[in-house]
Amino acid sequence: MAINRDKILEYLFYLLSLSFFIGKSYKAVTGVIVLVFLIDVIVKRRWDVFNDPIFIALACWCSYIFSSALWAVNPYSAMRSALQVFLWCLLYVAIKSTFINKAYIDRYIRVQMIVILFIVANALIQFIIGFNLLGTPIQASRVTDLIGHNRVFAYVFPLWIGFFGALLALKGQRTKEYLLYGVVLMGMLLTMPLSGARGPLLLLAIFLPLIAWVSPYRKWAFMALGSFLVISAVVVSMTPQLQARILTLAHPFEDQKHTRVSIWLTAFEEFKDNPILGVGFKNFRDRQFEYYKDSFESHEINPKTGEGQFHAHSPWMDILAEQGLVGIAFALFLLFTIAKIVYRSGPVVLIGSMGVWYSFSLLNSGFSLSSGTWSFFMILSISVFVMIFNYQKAYLQEKRPS
């Protein structure tokens, strides 16, 4: 009996959605997905799947960061990390070339809703009784992943909020579908403050009113948005730890003066000394003591004790320090390509692109292209964006009179 690689890929993508919340198992699942996908491409000779402007831009960028090993003090780290980012780019191609059929995407959406509602239920149970269904205890009044003390909500949920927000803005669907999408969206929005995530708040303040305005059920959408704000305010008011985290947004730079800001200053010093090519991919950590100044007053970088940071804790400062202006040019070209697609596609795809603008912005100091974990979600945001673009195109073709 012939092996159905399409079905294998489909179930692997379902598994990938759940693996985000189980440690770093998503990396292993991604490796298997890419392997099966490449075998399928070779067997069927589907070389055209690589003829994609976004993938070409990403591949050229990966070639550059791989070549930065030539001037990096730690060339092995640069090459290994560049290959890992390229693996995430191959996942993008697998998603982009797989999720083109509306029926296929519809099945994925149904499974995704089940996964998200399960994660949300676990988070609510953990917040209420102190541990989730798998026995993982709450940490400092902030909900965690299914297993362990990590929190990927701030990395994953903004992507899916944009995705389901775009589905809510897509006109002509059944009322039941809008209701389900709304429940999933509200569940994610309620979980975000419980996790203590602050980064997505500004972007949500922009996109949530847009989602409500574009929705066919505008009045109900704004009522749901108002209910969410009231519930969030009540939850935060009852949780001192969450209040403390939210209050830091009043003076963000002062609050981060001895942590993130001092790291950014160190990264900028690296850029000033190497403005064109940078110090080499994933080499911020290897050069930080060389460029750190005592006047930065960092609590996280100390040349005397050897305490330092692995990354610049900002996608743009990370690129400036390690890749220079050449890296910035690659990043801007990539975002320009995505913005052009958004401009031509309308508000649904604009909402679906929310995760891209979030992961490539300064709103979450965790994102960094040189981190294997954080770069994964940066590339995944592009994959989710392309999925909603494909879905809208397939949906409109189906609705078009023959």
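Heads up: the sequence shown begins at 0 in numbering that gives the first Met the number 0, then just goes up one per residue. Glycine residues also receive a C-beta, built at the ideal position from the N, C-alpha and C atoms.
message: Going by DSSP, what residue range makes up the alpha helix (DSSP H) through Asp144?
response: Unbroken run through Asp144: none, as it is neither H nor E.
Rounded C-alpha distance that separates Tyr390 from Ile115: 19 Å
- prompt: Any C-beta of chain C sitting closer than 9 Å to the C-beta of Gln308?
  reply: The question asks about chain C, but that chain is absent: this structure has only one protein chain.
message: Could you check whether the stretch 16-34 touches the stretch 294-305, counting it as contact only if at least three pairs of C-beta atoms, one from each stretch, sit closer than 8 Å?
response: no
message: For Asp5, which residues in the same chain have their Cβ closer than 6 Å to its Cβ, ignoring the five residues on either side in sequence?
response: none
query: Mapping DSSP to helix, strand and coil, what is Phe130?
result: strand
- prompt: Tell me which same chain residues have a C-beta within less than 8 Å of the C-beta of Tyr177, skipping the five on either side of it?
  reply: Leu167, Ser214, Pro215 and Tyr216
field: Contacts around Pro346, its chain only, beta-carbon distance under 8 Å, and the 5 residues preceding and following it disregarded
entry: Ala168, Leu209 and Val213
Unbroken alpha helix (DSSP H) run spanning Lys402, endpoints: In this structure the chain extends from 0 to 401, so residue 402 is not present and cannot be described.
- prompt: Considering only residues of the stretch 256-287, which uninterrupted beta strand (DSSP E) runs meet the minimum length of 3 residues and lie entirely inside it, listed in chain order?
  reply: none
field: Other residues of its chain near Phe206: CB distance less than 6 Å, five sequence neighbours each side excluded
entry: Met353
query: For Gln111, which three-state DSSP category applies?
result: helix
- prompt: Would you say Phe280 and Ser67 are within 9 Å of each other, going by their C-beta atoms?
  reply: yes
query: Just curious, the alpha helix (DSSP H) that Ala232 is in, first and last residue?
result: Arg217 to Ser236
message: Checking 9 Å against the spacing of the C-beta atoms, do Ala93 and Phe162 come in under that value?
response: no
query: Among the residues of its own chain, which have a CB less than 7 Å from the CB of Thr336, if the five just before and after it don't count?
result: Pro52, Ile53 and Ala56
Beta-ladder partner(s) of Pro136, from DSSP: Phe130
- prompt: So, is Gln396 buried or exposed, given that buried needs 16 or more other C-beta atoms within 10 angstroms?
  reply: exposed
field: Proximity winner among Val151, Ile318, Ile127 and Ile118, relative to Leu184 (alpha-carbon distances)
entry: Ile118
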